Each structure stands twice: as C-alpha cells, then as structure tokens.
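Beneath this line is the structure, given in structure tokens, with notes to follow.
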Amino acid sequence: MKENTRDIKFTLNGKEVEITVNPKMLLLDLLREELKLTGTRTGCEVSACGACTVNLDGKAVRACSILAAQVNGHEVVTIEGVADGEKLHPIQEAMVNHGAIECGFCTSGMVMSARALLLENPRATREDIKRALQGNMCADSGYVKYVEAVEMAAKVMQGK
Amino acid sequence: MEDMKNKFAVLGKSVPRVETPFKATGRAKYAADYEMAGMLWGKVKRAPYAHARILSIDTSKAERLPGVKGIVVGKDFGGFKWGWQAHTRDESPLATDKVRYMYEGVAAVAAVNKDIAEEACDLIDVQYEELPAVFDPFEAMKEGAPLVHEDKPRNILVEYHWNFGDVDKAFADSYLVREDLFQTPRQSKGYIEPPAVLAWWEHGTLHYIGSKGSPYMLWRIFGRAFNLPLNKVRVIQPIIGCDFGGTKNDGHALDFSAILLAKKTGRPVKIVYSQWEELTTCLRRHAMWVRIKMGLTKDGLITGLYTNVVADGGAYARMSPVTMYLTNGFCTLPYKIDNFRTDTWNIYTNNPMAAAMRGHGMYHTRYAIDCQLDLMAKELGIDPVEIRLRNSIDNPKPGETYYTVNKLRVATCGVKECIEESAKLFEWDKYHKTKKNGGPIARGAGIGASGYLSGARLTGHNSCSAIVRVNEDGSVNVQTGASDVGQGSDTAMCAIAAEVLGIGMKDVEIKRVDTSYNYPDPGSYGSRVTIYAGEATMKAAEDAKQQLLEAAAKEMNIFAEELEIRDKKVFMKADEARFLPWLDVVRAACYANIGNVVIGRGVSRKGTKGFSPKAFSTGEGDVGTNYGFAAQINEVEVDTETGVVRCTENSAMADDCGFPLNPTIVETQCIGGSYHQSISSALYEEFVMDKGSTVNPNWIDLKRPRVYEAPFPKFAHVITNDPYGPFGVKECSEATTCTGAPAVINAIYDAVGVMIKNMPATPEKVWRALKEKREAEKKK
Ligand code: FES
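Those protein sequences? They're chains P and F, same order as listed. The opening position of the first sequence corresponds to residue -8 in our numbering, with each subsequent residue numbered one higher. The opening position of the second sequence corresponds to residue 509 in our numbering, with each subsequent residue numbered one higher.
Right, here's the structure in full:
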C-alpha cells in the first residue's frame, strides 16, 4: 500500500516549516508527535476541553479538531511561541504572579485563548474574557484568578 | 492576619508558585510528554460486557499484524491481585477469569505506533459467556442477586454499624424530628490530563514515569506485582495534571500492562489513556443514598443524628472501606452532636469502580445534613446562618481540646468565624431584606458549612521525611517524598525551607519525586502533605541551619546559640552589626572539613501514631491530625420557566486552614475545590448509566463547570493556628469541596422553595419540582 502523503508549508512560532504529513494527521499530533512541541496538551480530543488550543492566523482554535494539512499556508502560534525568549508574555506573567495556575494542564490553552482575544480586542471586558475562555476547561482553579489575570494583562498591554 | 504576615519573611505571603513559569510557557512535562528511543505504544483491549466469564483469548491474529511487538493477557501476571488492604485484594491488572465492569481490560498490545496497537486490539479474539449482572446496590444486596465476587455474600463490600449516645431518646425528646433521603450522583474526577505512563527496564530495575499523585503506593504495588525488591522499583514523577484521588493515586490496567509489555519486548512502552477510557473505566466518586434523621430542639439545636447510607462501590473494593468510615465518621463535624448512630453499607455492583475523591466521603453527608438543616430551620422559623451559629463547635481555648462523641480530636475550630465572616462578606442580612424577584427569574442565597480532616493517618506506612541540602554556592535543594499534584505543596516546602534558613525563594529548589532517591511517603491524599511534609521540611531545614550556625560560630568565635539568620545574613542576636553573609557561612560549613556536606534531615512524627482501620468497625477514634473548617454562601438565579439554575458571581467564602502559608494558593484551592468538585455535582455533573455502560463519557455530554457561571467569592482567611500543624497549618479546600453543593442547593431552596434531594439540580429536575409544588399549592 502506497502511503498517501501531503507536503505542507506554514509559519510556526515565527519560523517557516516545511513538512510531509499524512492527510489524516491532526494538527495536534503534528505538533506533539512530529515536531515535539508538547506544550500543546491533549485532553479530550473532541474540542471540549480546550487544552490543545493554538492560534491559527491569530484566532484560537482546537488543534485536536484541525487536520495538519489545513494549516498549509497559514500562521500557527503555539504556547512555545508566546514568550519573548525568557521574558514572559504579559498574559503568562499575570497568570504566574496572580496565582491562577494550579496543576497547569489547562494553562497552555488558557494562554492561547486569552492571547487571541487580546489580539482582537485589547480592551476586552470581563464578560468578553469569560466568553473567550468558555471553551477552556480547568479542573482545579475555579477560573477566578485566570479571568482576573487576563484583565490585568489587558491593562499592562495597554500601558495602563 | 496582618500580624501573622509580619511574623514571617516568606510564609503567610503570596509568593508566586515555584513551578508555574514552566507551566505558563508549556515547558512543564507531564507523563504523556516523555518519550524514549525505541519506544513502543501500548493499548488496552477492553471487554464489551459488564459481567461475563472469559472462555478464551486468541491473540494469534494480532501477533501476526506487522508492527506488533508484544501482547499480554491477565494470566501473564501470575495470579497477582492488589487492593488497599490484604482482605480487599480483589483486582487483577487485566481480568483473568471474568470481567466485572463494562470495558474492563482483558489484554494489552505494544506496537510501533498507536494505530497498529489499536488495530491489534481489534484482532484479539476473546470469547465470553455473558453472566447476569447487577447495577443497583439495593438489588445487589438482596439474597439471590448475581454475585460480583463469589466470596462476597449479598455483594457486601463493607458495612459498619455504630452507636454513640442515645439517639432514640434524643429523638423522643426533640421538638422536631425529620427524615429525608438524599442522593449524590456518579461524578468524574474531572482532571483534564488523562492517565499516562512510560515504562522501561534498565539494569534489572523497573523504571516508570506516570501521572500518579502517590508514587510510593505504586512503588509497593509494583514490587509485589513483579516480584522485585523495592530498591529495584523506580517510580519517577512528572508534573501531574491533578489527581483528586482514585486512578492517579492507585494502579490501573495501563500501569501494569506497560510495565509487563516493556519487560516482554525489551523496549520502553508508553500508554496514554484517551479521555473516553478515563471516563468509562477509571475511578469515580461513589454514588450514595443518604437517609438521615435529625432531631432539633425548639431553638434549633441538634439533639441527635442517624445516618443510613448505601454506596455503590462498583466492581472492585479499592478504597471503599475508608470511604464509608469518612462518610459517616465525620458527621459529627462541624456541629455539636452528642447522640449519633450509623448503619452503612458499600456494595459491589457491575458498575465501574468508585474510589476516594477530594472531600472524600464527607461530601455526601454534608450535602444531606446541611440541606436538611435548612428544611428544618424553615419549619422552626430560624435563619440558616443563625441555626448554624447556634450549633457550631466553639473554638477550644488554647491548650483545651474538643472531642466529638466519636472521639475526633479538635484543637482548633474556626467554623463559627467562617460562618460569620462569609455572612458579613456576602451581606447576608441586607441581601434577604432587599432581594427583589421579578419575572421568571428567582434569586436566592444559601449557605454550607463543613470541617475536614488534615493529615490523614491510617496504619501502614505513614511517615514523611525531608532532606535539605545546602550546596557550596549557597543554593539549597529540598527533597521530600511528598507530591505536588497541582495543589502547590512544592511551593509550600520551598517557602518553609527559605523561612527557616533566612534565605529567598529563588535560593531554594525542589525536584519531583523519584522513589530511588527520595523517602517513602504515602502520597497526596487526605490533605496530609503540608502537615507531614511541611513538618519534615521544617525540621530538616532547622537541622541544616544548626550546622550552618555552628560553622558561623566557629568563624565568629562565639556560640551558635547567639546567632540567627535573616535576609541571607548570619548575625549575632545581641549585636546585629556583627554578621557574616550567607555565602561565607555556607563556604565555611562546606569546607570546614574535607568532604563536608551540609545536609539537614527531618522526619515527621505527627502521623506515626496511626489510626487502625480496625477502628472502622466501631467508628471511634481520630483519623486526622487536625481539622480545617470552611463556610460559603452562594447566590443562584433560577429560571422558573425552564428550570435552569446558574450561580452568579455574588458569593462569599471563609476558610480556616489554621494559618495560610500562601494566602493566594489557599484561595485558589478553596474556590476551585468548591466549584469543580462540589458545585459541579450540585448543578451539572452526572454520569448517566445504562446497564453498566456510561452513556455520556465525554465532556460534551457530561457537563463540567465552565468559566461563564463561575462564582467569584469574596474570601476571608480565618486564622486559628493549630498546635498540631507546622506553623499552625491545617487542610484547605477539602472542606470547601463539602460546602459548595449544600450552599447552592440551599440557594435554590431559598429562591423557589424546592429542595433538590438528588443532585445535580438539572433543569428538568428543577422544572418538575416547581411544577409539583405549584400543583400541590393549587390543591390546598
Ligand atoms: S484536546 Fe482538543 S479540545 Fe480537548
């Protein structure tokens, strides 16, 4: 049986990637298994938990529900591409300093959803934040400090 | 709180957690993130029956599939069974003679990739003879019901019958007696990280990386399962994506299968459960039927309590004997109850197994008691906050102890203050005076109060020890056998070491547990980590400090007793201008003698007087080291047309954890425990079962708490400084796992006058209850 493959080219965390993938491969598997970017987590594989959230052309999407081949020609940012070297992004910094993070399994997804929101709407209100994070399940934080951390990050990013 | 804050340099302050920068950047490594050269992928083959005899297993077709490297079946484990205690060893890694719950593992495959492993599972041919099954514990208890385990008559896993005081007399003397049946749902643990393992054998030693919050439990179980001395079992702990008791504390098919497949193939084997496997086969919270009868005086004081509790234990025993003790034994907290009787059973069924879960046991009876109390308060015309204040255990004076009727030892109890503080923060009185209902939305507020044990001590290995190593460059390593599963204990241990040594958080490092290098520790459960590992770390740091002070004393030509360390300076207490910098002292200590290493050792002594499970039969004794308390108030909105209930942000919570070593961590823990593991079952979550099959094993059909309905509690810390915890600490967040459900269910009662006695309060249940209420009112 001849393996059916597809060549794709996309931007990943600011760098060009060219790779041959199986057309049925999920973006999540491409990131985790092929490219070894394990910061994107596998939680439910059915678009329900948000642990696998990445940014595709700036939008928050679930990597478990997108085919690797679909990102051809697009721009993908994963959790590994959010910080500026060792300097945390304001969203990450606020989550760390405000004590939002507990077990951390949902954190990558939370950061990516919040990043997409603030890219689109830097003045997001608490209601906007809740809407943006509604697809991100957490099991232990109660969400309060995550929401507050995104509020804080929004202020920092606006220079307030 | 303010003066406590100033008492310490690091403790009592909300320093950021030590590992969260790695979590925020995706660099934290969970079990599924590890891989090795030559690694194979494993998969467990599962049975499509809830109860069936295994007639034959034919693996030949699967073996011929290219890419398959090894297959194991139940018999390959040589008859090994494990369980919490010798008499509850009823479970095999993979089923051997028969399967007892739907999708129990019967074989496992290792192959070069996931797809082939899965395909090979399909090619394994298992012949079964289906057996009559039983899914309802009340049916299972009847004579003649199918037996899940042939040697357990009437499927009774465990039963207790206790009697304290004179309950019948108490009821006879009561002004009001009431009996109600409450029911708790089958609830998932809800962690997002599915169980995962990577196992390999190296130099005759078993190596295992797995998402386990109690690595030493597995260390012992693996030693027995694979006939290895403990020095050849190496359990390495990655970052854990929550635990909450159950599968991530104990073994499951993936653990044993990966290890045996690795042995058989000579290659590392990785198995990662899908969330479907987690939600169909892994350990869940017990469903319980809690019948309670309570007597009150005219003033609302509790005279006596009777609990009759039946639990569905599922197919294997696991921790159920402990569960039933906790469920009933803690009914005497946080209210004063002098007469108390219990009849309780845990029953085997052909449902998936139940096990310990955050708020273990107590969560069920707290829901029942705190909701019945509101029903009775209403009958007596007493305010819910007021009736709780009247019944709450008083905080014993320093040096004094309160003993419950079943001999729980309470040295400090801040429950009254928790109730008062949350009522104050919520503005309870004003809320009820000014609350306006209009249109189809009815609003209401409810309260729940609870206590919970910290420092669970059951006989068996209970110790905890720590080593604090001061390196020649002034940096410090803390090592304990205790596990941070997300609760923040690694940060607490670093903070304790930093505090004692007078250095900063940045100077201290803690590594994950590795059973070849750390010290046996029971694990993360029963809110025991900060109590025991905290004490051990404190003592280890004190030991290291003493060694440093002695070295400094020699340098300074004075006595060690005259010295103290603060802000990385070792100074003379009488003359602070005389000091040596931290690094100079460390160097002096390290280089004083050739080969000197500064290592402080500490052992916790609190847990060494264990509580024997034998006492479970009488219910008398103290299983905890001390007791934390909490109260919370929630507001809900009930749509009276649709029955939809939602929490509003408006809420308040107060927690007595003795002393919050890190207030932010305590707040996040308490708020999270309440929402994810308690309000979840009050409003959303329930496994729907059909003949042993879980109908909704995914997070689309199984509802879990989301951000848009999250309460944002105003929070108060109640400081009681318990004498039995290091720096005065007690548990946090298991008490609030017991207060969330009653607070919300009572809030619905306050809003619309219906008491939901079988959680969760789904729209359908609420709508039906409202309809019934309207019809009953019409008839009047
Ligand atoms: S893993 Fe993609 S949403 Fe859960």
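The beta carbon of each residue, even a glycine, is placed where N, CA and C say it ideally should be. Just so it is clear, the structure is predicted and the values come from calculations on it, not from any experiment.
- For PHE672 (chain F), the enclosing beta strand (DSSP E) begins and ends at 664 to 672.
- Straight across, the Cα-Cα distance linking TRP727 (chain F) with GLU894 (chain F) is about 49 Å.
- Closest in C-alpha terms to ARG597 (chain F), from the list F:CYS1165, F:TYR824 and F:THR1150, comes F:TYR824.
- Boundaries of the beta strand (DSSP E) harbouring ILE10 (chain P): 6 to 12, taken from the DSSP string.
- Burial check for PRO948 (chain F): the Cβ neighbour count within 10 Å stays below 16, so the residue is exposed.
- For GLY712 (chain F), the distance from the CB to the nearest heavy atom of ligand 1 is not below 6 Å.
- Annotation for LEU1056 (chain F): VAL1093 and ALA1097 place their beta carbon closer than 6 Å to its own, counting only its chain and skipping 5 residues before and after.
- Only residues of its own chain outside the window of five on either side were considered, and among them ALA539, ALA540, SER719 and VAL780 have a CB closer than 6 Å to the CB of ALA704 (chain F), listed in chain order.
- For GLU36 (chain P), the shortest separation between its Cβ and any heavy atom of ligand 1 lies below 6 Å.
- Within 6 Å of the C-beta of GLY749 (chain F) there is not a single heavy atom belonging to ligand 1.
- With a cut-off of 6 Å, the C-beta of ALA1097 (chain F) is classified as distant from ligand 1, since no heavy atom of the ligand falls inside that distance.
- Judged by DSSP secondary structure, ALA616 (chain F) falls within the beta strand (DSSP E) whose first and last residues are 613 to 619.
- In this structure, the C-beta of CYS1246 (chain F) stays at least 6 Å away from each heavy atom of ligand 1.
- With a threshold of 6 Å, the Cβ atom of ARG1212 (chain F) does not count as near ligand 1, since no heavy atom of the ligand is closer than that.
- Around LEU19 (chain P), the same chain offers THR31, THR33, CYS43, ALA54 and CYS55 as residues with beta carbons nearer than 7 Å, after the five sequence neighbours per side are excluded.
- Separation of the CB atoms of LYS50 (chain P) and ALA107 (chain P) is rounded to 6 Å, and the pair is thereby assigned contact status at 8 Å.
- Neighbourhood of ALA42 (chain P) in chain F, by CB distance below 7 Å: ILE700, in chain order.
- Look at the beta carbons and you see the stretch 898 to 906 of chain F touching the stretch 917 to 925 of chain F: at least three pairs across the two are nearer than 8 Å.
- Judged by beta-carbon spacing, ALA1138 (chain F) lies within the 7 Å limit of SER958 (chain F), meaning their Cβ atoms are closer than that value.
- When rounded, the separation of the alpha-carbon atoms in ARG686 (chain F) and ILE1253 (chain F) is 18 Å.
- Per DSSP, reduced to three states, the secondary structure at HIS715 (chain F) is strand.
- The beta carbon of GLY803 (chain F) sits closer than 6 Å to those of ALA678, PHE679, SER682, VAL685, THR811 and GLY812, all from its chain and outside the five residues before and after it, given in chain order.
- Between ASN88 (chain P) and PRO1168 (chain F), the C-beta spacing is not below 7 Å.
- Of all alpha-carbon atoms in F:TYR716, F:ALA1048 and F:ALA619, the one lying nearest the alpha-carbon of THR1023 (chain F) is that of F:TYR716.
- The beta-carbon of PHE96 (chain P) is placed less than 7 Å from the nearest beta-carbon of chain F.
- Taking all protein chains shown into account, ALA545 (chain F) has fewer than 16 neighbouring C-beta atoms within 10 Å of its C-beta and is therefore exposed.
- Inclusion of LYS553 (chain F) and ALA619 (chain F) in the CB contact set at 7 Å is not warranted, their separation being larger than that value.
- Shortest Cα-Cα distance from THR1247 (chain F) to any of F:CYS879, F:GLU658 and F:PRO1213 involves F:CYS879.
- Boundaries around MET725 (chain F) are those of the alpha helix (DSSP H), 723 to 733, since no beta strand (DSSP E) includes it.
- For GLY550 (chain F), the enclosing beta strand (DSSP E) begins and ends at 548 to 554.
- Shown here, GLY1248 (chain F) sits in a helix according to DSSP, grouped into three states.
- Taking a contact to require three or more Cβ pairs closer than 8 Å, the stretch 1000 to 1009 of chain F and the stretch 968 to 988 of chain F qualify as touching.
- For the pair SER991 (chain F) and GLY1042 (chain F), the CB atoms are not nearer than the 7 Å cut-off.
- Contact residues of the stretch 0 to 17 of chain P toward chain F are absent (C-beta to C-beta distance below 9 Å).
- The Cβ-Cβ distance between GLU626 (chain F) and LYS551 (chain F) falls below 7 Å.
- DSSP, reduced to helix, strand and coil, places CYS1155 (chain F) within a strand of the structure shown.
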